[in-house]
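The block underneath contains the structure these notes are about, expressed in structure tokens.
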Amino acid sequence: MTAKEAYELLDLCDKFECRLEFKKRLTEKLGTVDPGYPWNLLIYASRKDDRALGLIALRAMDRQIFAKGIVNPLGIVDSFWSLFCRLSGEWRIKMMRCAFEDTCSATVKRLNPYEWRSNRGHKYTDYREDLSEELVVPFRRDWDSVCAEFAKDDW
Numbered sequence: 001m002t003a004k005e006a007y008e009l010l011d012l013c014d015k016f017e018c019r020l021e022f023k024k025r026l027t028e029k030l031g032t033v034d035p036g037y038p039w040n041l042l043i044y045a046s047r048k049d050d051r052a053l054g055l056i057a058l059r060a061m062d063r064q065i066f067a068k069g070i071v072n073p074l075g076i077v078d079s080f081w082s083l084f085c086r087l088s089g090e091w092r093i094k095m096m097r098c099a100f101e102d103t104c105s106a107t108v109k110r111l112n113p114y115e116w117r118s119n120r121g122h123k124y125t126d127y128r129e130d131l132s133e134e135l136v137v138p139f140r141r142d143w144d145s146v147c148a149e150f151a152k153d154d155w
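Under our numbering, read the sequence shown as residues 1 to 155, first letter to last.
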């Protein structure tokens, strides 16, 4: 079974109101055939507004998977923000409330490239570390609390 076929079966489950147990089995299969799982499942669930399926996707993630996005087998990355923006509007708001803590100050390290030439005239690129104090919005550390907050019926 391909990922496309599994998502088509999930569509049929919606149409014919299959039991959640069957959907769970399909999502387990997606975990083996979809390199973008569980992010793709979360996006799919948001488009269907299927909160039970969304919770399954979140429980299949952890903080690292959520924050790093998807790296496919060819090394192409879908960043956190590009994936986050694919969620439906209501789900984006809910995920902001669930996954992020309050703002705080933090020291942010950025690597800034600079070019230089050797004595022989060869061009090289190196990096300088730039540290700055900034206001940030960190991800929650406890992923179980993210899932618990998502499961609350306060949408």
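Backbone N, C-alpha and C fix where the C-beta goes; we use that ideal spot for every residue, glycine too.
It should be emphasised that the depicted structure is a prediction, and the values quoted were computed from it without experimental measurement.
Going by DSSP, what residues sit across from residue i in a beta bridge?
{"i": "Trp-116", "result": "Tyr-124"}
{"i": "Cys-104", "result": "Val-136"}
{"i": "Ile-70", "result": "Asp-78"}
{"i": "Leu-131", "result": "Lys-109"}
Taking the CB atoms as reference points, tell me whether residue i and residue j lie closer together than 8 Å.
{"i": "Asp-49", "j": "Ser-88", "result": "yes"}
{"i": "Lys-109", "j": "Arg-117", "result": "no"}
{"i": "Pro-138", "j": "Cys-104", "result": "yes"}
{"i": "Lys-29", "j": "Ile-56", "result": "no"}
{"i": "Ala-99", "j": "Glu-134", "result": "no"}
{"i": "Leu-58", "j": "Cys-147", "result": "yes"}
{"i": "Trp-155", "j": "Glu-90", "result": "yes"}
{"i": "Gly-54", "j": "Ala-45", "result": "yes"}
{"i": "Leu-12", "j": "Ala-52", "result": "no"}
Take residue i as the anchor and find which of the options has the nearest alpha-carbon.
{"i": "Met-61", "options": "Phe-80, Gly-75, Leu-74", "result": "Phe-80"}
{"i": "Arg-92", "options": "Ile-76, Ile-43, Glu-134, Trp-116", "result": "Ile-43"}
{"i": "Asp-126", "options": "Gly-31, Ile-56, Leu-111, Pro-35", "result": "Leu-111"}
{"i": "Ala-67", "options": "Asp-34, Met-95, Gly-121", "result": "Met-95"}
{"i": "Tyr-37", "options": "Leu-83, Asp-154, Glu-21, Cys-147", "result": "Leu-83"}
{"i": "Leu-70", "options": "Asn-119, Arg-141, Pro-35, Thr-2", "result": "Per the sequence shown, residue 70 should be read as Ile rather than Leu. Taking only the C-alpha atoms, the option nearest Ile-70 is Pro-35."}
Under 7 Å: does the beta carbon of residue i sit that close to some heavy atom of the ligand GTP?
{"i": "Asp-78", "result": "For the ligand GTP, the structure offers nothing, since it holds no ligand at all."}
Evaluate residue i with the Cβ neighbour count: other Cβ atoms within 10 Å of its Cβ, from every protein chain shown; 16 or more gives buried, anything less gives exposed.
{"i": "Trp-39", "result": "buried"}
{"i": "Ala-6", "result": "buried"}
{"i": "Phe-16", "result": "exposed"}
{"i": "Phe-22", "result": "exposed"}
{"i": "Leu-41", "result": "buried"}
{"i": "Leu-10", "result": "buried"}
The alpha helix (DSSP H) with residue i in it runs from where to where?
{"i": "Gly-89", "result": "89-99"}
{"i": "Tyr-7", "result": "3-16"}
{"i": "Asp-49", "result": "Unbroken run through Asp-49: none, as it is neither H nor E."}
{"i": "Trp-143", "result": "143-151"}
{"i": "Arg-25", "result": "20-33"}
Would you say residue i lies against chain B (beta-carbon separation less than 8 Å)?
{"i": "Asp-78", "result": "Going by chain labels, chain B is absent from the structure shown, which holds only one protein chain."}
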